[in-house]
Amino acid sequence: MALIGTLTSGVSALKTFTKDLEVIGNNIANVNTTAFKSSSVAIGEDFVNTLQASLPGNSTQSNIEAAQIGTGVKLDGVNVNYNQGALTTTGSSTDLGISGSGFFLVQNPTDSTTYATRVGSFRWDDNGYLVNAQGMRIQGLTVATPTTSGAPTYSTSLGSIRRTSAGGTPPTPLDANGNPLSVQSLSVDKAGEVVEFYDNGSSAVVGKILLENFNQPGSLMDAGNGLYTNLAYAGPTQGLVGSTSLGGTSTTGDAGSNGLGTIESGTLEQSNVDLTEQFANMITAQRSFQAAARLVTVSDSVLQEIVDLKRS
1 MALIGTLTSG VSALKTFTKD LEVIGNNIAN VNTTAFKSSS VAIGEDFVNT LQASLPGNST
61 QSNIEAAQIG TGVKLDGVNV NYNQGALTTT GSSTDLGISG SGFFLVQNPT DSTTYATRVG
121 SFRWDDNGYL VNAQGMRIQG LTVATPTTSG APTYSTSLGS IRRTSAGGTP PTPLDANGNP
181 LSVQSLSVDK AGEVVEFYDN GSSAVVGKIL LENFNQPGSL MDAGNGLYTN LAYAGPTQGL
241 VGSTSLGGTS TTGDAGSNGL GTIESGTLEQ SNVDLTEQFA NMITAQRSFQ AAARLVTVSD
301 SVLQEIVDLK RS
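This is how it looks when you write it as structure tokens:
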């Protein structure tokens, strides 16, 4: 019955616009979440019933046009907006924002799983590693033995950035005469180099934070807490995921090169949610939901009239 089709179309619209409102609500709820990326739904037409297929004309008759009726709408997908949010100053040297494209890579020390993130809230843990709020270690190139003279010699594989003033057996910074130094402070420059400043006024690079970017960021899977998985399927442009040959004169993953943004120490990226846009979208979705609900009630009323015909 045609009225059943009308009812089905209305129900499909209710389901779809409910999902739209869910996405909008999540965006609004995360307006102050560090480095949160807003999402939007893609709505498409559901399958179509063909009442009459089109036929070509000939010398004796005209062509016949197709007659088709849609059956409603469906959710085609949820698209994430990866545009950068504004950077806000925090004053903490371990808060790192990315100005431009790119993601930090962090690794879970328990199972060695690597995640991508733009949430730059890091700290030095008790073992001297630069970690996020979940204790995952930021990845980059390390320096075997920091020295205050000459260029740093980086490792040739991706590893966890570690300071030299931690407990345990980290590398010990040495002056030009091979004497150990005491670390006074640390900083991260725009290129991602982690620099230690010592008690004698000298400094040395102890590591370099690398960035990764993706050709198909839509393939990244949100794992919560601003972390993304499924990195290999998103087309990493720098090839850092699973790489075993880095360092030396290579600029792979270097912040500020190869289309990657720079690292801004003392800042955090804000959410890229535009509240004005979200409220406008919410009104549109709400009105669409109301129209779909009206379609359902009208279809129900007409069906009731048909049922009542039998009783009269």
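Be aware that the sequence shown starts at 1, since it is given in UniProt numbering, and climbs by one per residue.
Heads up, the beta-carbon is just placed ideally off N, CA and C, and yes, glycines get one too.
How long is the line joining the alpha carbons of residue i and residue j, rounded to whole angstroms?
i, j, result
"Leu220", "Leu186", "32 Å"
"Val307", "Ile4", "13 Å"
"Tyr154", "Arg137", "18 Å"
"Gly207", "Gly44", "49 Å"
"Ala255", "Gly261", "6 Å"
"Leu75", "Ser40", "11 Å"
"Thr113", "Ser38", "25 Å"
"Ser151", "Tyr233", "In the sequence under discussion, the amino acid at residue 151 is Ala, which differs from the Ser named in the question. Cα to Cα, Ala151 sits roughly 36 Å from Tyr233."
"Thr237", "Gly140", "16 Å"
"Val302", "Val296", "10 Å"
"Glu196", "Gln84", "29 Å"
"Leu275", "Asn26", "12 Å"
Tell me the DSSP secondary structure of residue i in three-state form.
i, result
"Tyr198", "strand"
"Met282", "helix"
"Ala260", "Going by the sequence as given, residue 260 is Leu instead of Ala. Correct three-state label for Leu260: coil."
"Pro109", "coil"
"Gly140", "strand"
"Lys190", "coil"
"Asp254", "coil"
"Gln290", "helix"
"Thr244", "Here the model assigns Thr244 a pLDDT of 47, short of 50, so the residue's position is not dependable, and the following value carries that caveat. Coil."
"Phe36", "coil"
Given that a residue counts as buried once 16 or more other Cβ atoms are within 10 Å of its Cβ, and exposed if not, what is residue i?
i, result
"Gln304", "exposed"
"Ala53", "exposed"
"Pro56", "exposed"
"Ile24", "buried"
"Ala204", "buried"
"Ser265", "buried"
"Phe122", "buried"
Do residue j and residue i count as a contact pair if the criterion is CB distance below 8 Å?
i, j, result
"Ala285", "Phe104", "no"
"Glu269", "Leu87", "yes"
"Gly226", "Leu210", "no"
"Gly97", "Ser299", "no"
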